[in-house]
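Asker: Quick one: the structure is below, and I'll ask about it shortly.
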Amino acid sequence: MAKQTVAIIGLGYVGLPLACLCARRNFKVYGFDIDEAIVKATNSGKSHIADASLVKNVKALKGKIIATTDAQKAISNADVVVVCVPTPIDENKLPDLKPLESACRSIAQHLHKGQLIIIESTIYPGTVREIVKPILEKSGLISEKDFYLAHCPERIDPGNKKWVLESIPRVLGGLGGKGTKIAEKFYNSILKSEILVLSSIECAEAVKVVENTFRDVNIAFVNELAKSFDRLGIDVLEVIKGASTKPFGYMPFYPGPGVGGHCISVDPYYLIERAKQKGFEHEFLMLARKINDSMAGHVVLLAESALQKSDKTLQNSNIALLGLAYKANVDDMRESPALHILQLLKSKGASPKIFDPHIMEKSNCASIDAAIKNADCIILATHHKEFVSALTAQKLKSMGVKAVIDARNCLDKSAITAKGIIYKGIGH
Ligand SMILES: NC(=O)c1ccc[n+]([C@@H]2O[C@H](COP(=O)([O-])OP(=O)(O)OC[C@H]3O[C@@H](n4cnc5c(N)ncnc54)[C@H](O)[C@@H]3O)[C@@H](O)[C@H]2O)c1
Numbered sequence: 000m001a002k003q004t005v006a007i008i009g010l011g012y013v014g015l016p017l018a019c020l021c022a023r024r025n026f027k028v029y030g031f032d033i034d035e036a037i038v039k040a041t042n043s044g045k046s047h048i049a050d051a052s053l054v055k056n057v058k059a060l061k062g063k064i065i066a067t068t069d070a071q072k073a074i075s076n077a078d079v080v081v082v083c084v085p086t087p088i089d090e091n092k093l094p095d096l097k098p099l100e101s102a103c104r105s106i107a108q109h110l111h112k113g114q115l116i117i118i119e120s121t122i123y124p125g126t127v128r129e130i131v132k133p134i135l136e137k138s139g140l141i142s143e144k145d146f147y148l149a150h151c152p153e154r155i156d157p158g159n160k161k162w163v164l165e166s167i168p169r170v171l172g173g174l175g176g177k178g179t180k181i182a183e184k185f186y187n188s189i190l191k192s193e194i195l196v197l198s199s200i201e202c203a204e205a206v207k208v209v210e211n212t213f214r215d216v217n218i219a220f221v222n223e224l225a226k227s228f229d230r231l232g233i234d235v236l237e238v239i240k241g242a243s244t245k246p247f248g249y250m251p252f253y254p255g256p257g258v259g260g261h262c263i264s265v266d267p268y269y270l271i272e273r274a275k276q277k278g279f280e281h282e283f284l285m286l287a288r289k290i291n292d293s294m295a296g297h298v299v300l301l302a303e304s305a306l307q308k309s310d311k312t313l314q315n316s317n318i319a320l321l322g323l324a325y326k327a328n329v330d331d332m333r334e335s336p337a338l339h340i341l342q343l344l345k346s347k348g349a350s351p352k353i354f355d356p357h358i359m360e361k362s363n364c365a366s367i368d369a370a371i372k373n374a375d376c377i378i379l380a381t382h383h384k385e386f387v388s389a390l391t392a393q394k395l396k397s398m399g400v401k402a403v404i405d406a407r408n409c410l411d412k413s414a415i416t417a418k419g420i421i422y423k424g425i426g427h
């Protein structure tokens, strides 16, 4: 496969690392994106995503990824086209396939015989056959005769140093045998990991939504336990620690302020909606979504009850919200629980100080100290390493902090309470 041409459609968290990997493996790489700023940054060797290895790679590969807003330039020369565009939900929490459909229309205009089109975006079972294929066939070319279609869901975990793009095992499904074989060869030429070929493209589509739904329901389970064990006076973290000593049949998940990111809080809706179209109601999955979405409100309630102890309310208190990103050590705010907490705080009349060292443009304080000084209550929404190392009991005391809501259960509860500071974790 070496020296073939690959076009990556969508240069985001998924597409940009893939473009880098293909360039490192000596493919000629085009990156097509509708965002001019991303195209410009990539061509000048700058990663628009603040991830250390991406920053290094995009710089080193300057000139080797030809980013463009011109679909024809990217697609008409490519042997393999990999689609990495967003698949979000709309305001009614329904799958929004507009970016995918639009990307497919761009491909259809420049599709040529022999091309392999791979969808890496997360989609529900049936999307490639029922939505992608008809759009591409508007070109006049026939799938599995003139061009090939496959799906290989991306599993990248931004910020994870152990499991990186090339080492994460993958699953693959194609609409036909020949296309599946070409796709398998393509991934074997760029990845070092196992590629499991499934018997149908629908199975491959289902894998990704199932993986993320698995996380969502298990997190909902511990979040519900956290609320229940609060009433029972039991520390859920200790229970999880105990249960984790069982070497089989148990896997630890941890409670928190809810789930965010472009995947876990979104993908279950893809499965829920697809099953609904076919007459099945995923009650369990809907409940998990509801429980996880309720956690931001739970965090705000904890803050209100901590303030009540000193006869204060959210309106007349000095509140600090630490962290906006949906997970530690990244700058990604998509679907972040911190944003829901912020919205609730504001709706209840609070004017919090906000600080996230990874998202300074949305912070209204320049440092941790500026945010927490004399705070009646701090809410730790994201466990960035900067917060975990800085927020010692000593520091909190010296800054005059009265209460801590540790929505990530990552601070030293006993040391903090020993200083006379109110501490409340999630079920801890
Ligand atoms: N972010 C993750 O950690 C992750 C992990 C695994 C899978 N996924 C899935 O991968 C897909 C992409 O996610 P992402 O996080 O990279 O999204 P992203 O928003 O970071 O990047 C998508 C890029 O596609 C571009 N784009 C949008 N519409 C386009 C179009 N019609 N033509 C060309 N470019 C277009 C956008 O400008 C953007 O740069 C989604 O389906 C997501 O669920 C994401």
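Here the sequence shown stands for residues 0 to 427, where the numbers follow numbering that gives the first Met the number 0.
Where is the CB? At the ideal position from N, CA and C, for every residue including glycine.
1. Since T4 is in the beta strand (DSSP E), which residue starts that stretch and which ends it?
2. With a Cβ-Cβ cutoff of 8 Å, do C83 and I7 count as a contact?
3. What do you reckon, is the C-beta of V81 under 7 Å from a heavy atom of ligand 1?
4. Quick one: is M250 buried, meaning 16 or more other Cβ sit within 10 Å of its Cβ, or exposed?
5. Is the beta carbon of I415 closer than 8 Å to that of K401?
6. Would you kindly check if the distance between the Cβ of T86 and the Cβ of L93 is under 8 Å?
7. Mind checking whether C262 and A203 have CB atoms under 8 Å apart?
8. So, is A1 buried or exposed, given that buried needs 16 or more other C-beta atoms within 10 angstroms?
9. Taking 7 Å as the cut-off, is the CB of S105 close to at least one heavy atom of ligand 1?
10. Going by beta-carbon coordinates alone, are E100 and I130 separated by less than 8 Å?
11. Count the other CB atoms, across all protein chains shown, that sit within 10 Å of the CB of D69; report buried if there are 16 or more and exposed otherwise.
12. Going straight from the alpha carbon of L135 to that of A337, what length do you get?
13. Looking only at C-alpha atoms, which of L320, V329, A392, V387 sits nearest to C364?
14. Answer with buried or exposed for A417, where buried requires no fewer than 16 other C-beta atoms within 10 angstroms of its C-beta.
15. Nearest-angstrom Cα distance between L270 and V209?
16. Considering only C-alpha positions, which residue in the set F31, Y186, K180 is nearest to C21?
17. Contact check, R407 vs H427 under 8 Å by CB: the rounded distance?
18. DSSP three-state call for T121: helix, strand or coil?
19. Sort out for me which residues DSSP pairs T381 with in a bridge.
20. What residues in its chain sit with their C-beta under 8 Å from that of A242, if we drop five residues either side in the sequence?
21. At what residues does the beta strand (DSSP E) containing F213 begin and finish?
22. Should M359 be labelled buried (16 or more other beta-carbon atoms within 10 Å of its own) or exposed?
23. Using only alpha-carbon positions, find the residue among G44, I48, S388 that is nearest to A66.
24. When the Cα of R169 is compared with those of Y325, V5, K161, L190, which residue comes out closest?
Answerer: Reading from the atomic positions:
1. Counting from 1 along the sequence shown, the entry for residue 4 is found at position 5. Boundaries of the beta strand (DSSP E) around T4: 4–8.
2. Position 84 of the sequence shown, counted from the start, is the residue given in the question as residue 83. Position 8 of the sequence shown, counted from the start, is the residue given in the question as residue 7. Contact: yes.
3. As a position in the sequence shown, residue 81 is number 82, starting the count at 1. Ligand 1 never approaches V81 closely enough for any of its heavy atoms to be under 7 Å from the residue's Cβ.
4. Residue 250 sits at position 251 when you count from the first residue of the sequence shown. Note on M250: under 16 other CB atoms within 10 angstroms of its CB, so exposed under the neighbour-count rule.
5. What you label residue 401 is simply residue 402 of the sequence shown in a count that begins at 1. What you label residue 415 is simply residue 416 of the sequence shown in a count that begins at 1. No.
6. As a working mapping, residue 93 is identified with position 94 in the sequence shown. As a working mapping, residue 86 is identified with position 87 in the sequence shown. A distance of 8 Å or more separates the beta carbons of L93 and T86.
7. The residue given as residue 262 occupies position 263 in the sequence shown. The residue given as residue 203 occupies position 204 in the sequence shown. No, the Cβ-Cβ distance between C262 and A203 is not below 8 Å.
8. As a position in the sequence shown, residue 1 is number 2, starting the count at 1. Confidence at A1 is low in this model, with a pLDDT of 48, below 50, so its placement is unreliable and no value can be given for it.
9. Here residue 105 corresponds to residue number 106 of the sequence shown, with the count starting at 1. It does: the Cβ of S105 is within 7 Å (strictly closer) of some heavy atom of ligand 1.
10. Residue mapping note: residue 100 aligns to position 101 of the sequence shown, counting from 1. Residue mapping note: residue 130 aligns to position 131 of the sequence shown, counting from 1. With respect to I130, E100 sits close: the two C-beta atoms are nearer than 8 Å.
11. Against the sequence shown, residue 69 aligns to sequence position 70. By the 10 Å Cβ count, D69 comes out exposed.
12. By 1-based counting over the sequence shown, the position of residue 135 is 136. By 1-based counting over the sequence shown, the position of residue 337 is 338. Each residue's alpha carbon lies about 40 Å from the other.
13. As a position in the sequence shown, residue 364 is number 365, starting the count at 1. Among L320, V329, A392, V387, the Cα nearest to that of C364 is on L320.
14. Position 418 of the sequence shown, counting from 1, holds the residue named residue 417. Classification for A417: exposed.
15. Taking the first residue of the sequence shown as position 1, residue 270 is located at position 271. Taking the first residue of the sequence shown as position 1, residue 209 is located at position 210. Looking at the two C-alpha atoms, the distance is approximately 8 Å.
16. Position 22 of the sequence shown, counted from the start, is the residue given in the question as residue 21. Nearest Cα to C21 within the set F31, Y186, K180: Y186.
17. Locating residue 407 in the sequence shown gives position 408, where the first residue counts as 1. Locating residue 427 in the sequence shown gives position 428, where the first residue counts as 1. Contact flag wrong, Cβ pair sits at about 10 Å.
18. The residue you call residue 121 lines up with position 122 of the sequence shown. Here T121 sits in coil by DSSP.
19. Along the sequence shown, read from residue 1 onward, the residue named residue 381 stands at position 382. DSSP lists no partner for T381.
20. Position 243 of the sequence shown, counting from 1, holds the residue named residue 242. Counting only Cβ-Cβ distances below 8 Å, and skipping sequence neighbours, we find Y249, P251.
21. The residue you call residue 213 lines up with position 214 of the sequence shown. Not the beta strand (DSSP E): F213 falls in the alpha helix (DSSP H), residues 200–231.
22. Residue mapping note: residue 359 aligns to position 360 of the sequence shown, counting from 1. Burial call: exposed.
23. Position 67 of the sequence shown holds residue 66. Comparing Cα-Cα distances from A66 to each of G44, I48, S388, the minimum goes to G44.
24. Mapped onto the sequence shown, residue 169 falls at position 170. Residue L190 is the option with its Cα nearest to R169.
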